[in-house]
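**Q**
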Amino acid sequence: MPSLLERLLGDDTPDEQVDLESRQETADEALRNAVDRAGYPVEDCGITAVAVVNEGPNGEPVAVPVARFSLGEHVEEPDRDLVWDLVGEAAAAIHGPFEDVFVRHYDVQFTFDGDELFEAEECRRVLLTTDLVDRFATDAGFSVADLRAAVEAADDIDDEVAPVAWGEPVDYSRSDDAAVVVGGTAAAAAASASAASCAGAGAAAGAGGGAC
Numbered sequence: 001m002p003s004l005l006e007r008l009l010g011d012d013t014p015d016e017q018v019d020l021e022s023r024q025e026t027a028d029e030a031l032r033n034a035v036d037r038a039g040y041p042v043e044d045c046g047i048t049a050v051a052v053v054n055e056g057p058n059g060e061p062v063a064v065p066v067a068r069f070s071l072g073e074h075v076e077e078p079d080r081d082l083v084w085d086l087v088g089e090a091a092a093a094i095h096g097p098f099e100d101v102f103v104r105h106y107d108v109q110f111t112f113d114g115d116e117l118f119e120a121e122e123c124r125r126v127l128l129t130t131d132l133v134d135r136f137a138t139d140a141g142f143s144v145a146d147l148r149a150a151v152e153a154a155d156d157i158d159d160e161v162a163p164v165a166w167g168e169p170v171d172y173s174r175s176d177d178a179a180v181v182v183g184g185t186a187a188a189a190a191a192s193a194s195a196a197s198c199a200g201a202g203a204a205a206g207a208g209g210g211a212c
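Residue numbers (the numbering used here): 1 to 212.
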């Protein structure tokens, strides 16, 4: 029987893909609504993809939900206070839809100093552990400032292991051990690559996520 990753990368649409797409769409709507209500100065945002990076012990997908914020081509150095406010919004939006999914970590990406969501010249990301997102979403006394302090205290030099306070992006589509689910597709096509990581940005504007 083909593995989960083989099925996700195949021509058919497995049930796991349909489930992840539905969760992505729910989180995307919640994030865009929250950003609209708060009036954050961002050009675009979305839950742009879900990278399936492994298969769990019971055959379930091990996922990395990917959130993306475009801060604008005029921004040369992002305001870190704004960055962490947006990280908090992403954590709150993603937590519910993915609460019962096997999540490796949450990837919150920021593009800036370029053109729009998928054509930025610079990209950095914040990685959050599931424990930190759970606590932030369920403990009213654990603020954005607390989340930021916890991530910065635990961050080390490895940009691929959560938590990461401000690191280089990873292009999940370039891994042989990952499939990228993007609102109807699971493949290493240009749209999936761009939505999964701003490391591969540049093509396929409009794949996953929407304007904020």
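Every residue gets a Cβ at the ideal spot worked out from N, C-alpha and C, and that includes glycine.
All values derive from a computational prediction rather than experimental measurement.
CA-CA distance, residue 33 and residue 212?
**A** Cα to Cα, residue 33 sits roughly 8 Å from residue 212.
**Q** With a CB to CB cut of under 6 Å and the five nearest residues on each side skipped, what residues in its chain are close to residue 95?
**A** If we look at residue 95 and ignore the five residues flanking it on each side, its Cβ neighbours are 133, 137.
**Q** So is residue 44 buried or exposed if we call it buried at 16+ other beta carbons inside 10 Å?
**A** So residue 44 ends up on the buried side.
**Q** Under the three-state reduction of DSSP, which class applies to residue 81: helix, strand or coil?
**A** Three-state DSSP puts residue 81 in a helix.
**Q** Have a look at residue 174 and residue 15 and give me their C-alpha separation to the nearest angstrom.
**A** For residue 174 and residue 15, the distance between alpha carbons rounds to 24 Å.
**Q** Between residue 113 and residue 58, what straight-line distance do the alpha-carbon atoms span, to the nearest angstrom?
**A** Their backbone Cα atoms lie some 43 Å apart in a straight line.
**Q** Can you tell me where the beta strand (DSSP E) with residue 44 in it begins and where it stops?
**A** First-last of the beta strand (DSSP E) with residue 44: 44–55.
**Q** So is residue 198 buried or exposed if we call it buried at 16+ other beta carbons inside 10 Å?
**A** Classification of residue 198: buried, given that the 10 Å Cβ count is 16 or more.
**Q** I need the boundaries of the alpha helix (DSSP H) containing residue 151, first residue and last residue.
**A** Segment 144–154, the alpha helix (DSSP H) holding residue 151.
**Q** From this set, 158, 41, 166, which residue's C-alpha is nearest residue 75's C-alpha?
**A** Residue 75 has its Cα closest to that of 41, out of 158, 41, 166.
**Q** May I ask you to report which of helix, strand or coil DSSP gives residue 198?
**A** In this structure, residue 198 counts as helix in the three-state DSSP scheme.
**Q** Between the alpha carbons of residue 129 and residue 163, how many angstroms are there, rounded?
**A** Cα-Cα distance, rounded: 6 Å.
**Q** For residue 67, does the three-state DSSP call read helix, strand or coil?
**A** It is a strand residue.
**Q** Going by beta-carbon coordinates alone, are residue 181 and residue 50 separated by less than 8 Å?
**A** Cβ atoms of residue 181 and residue 50: closer than 8 Å.
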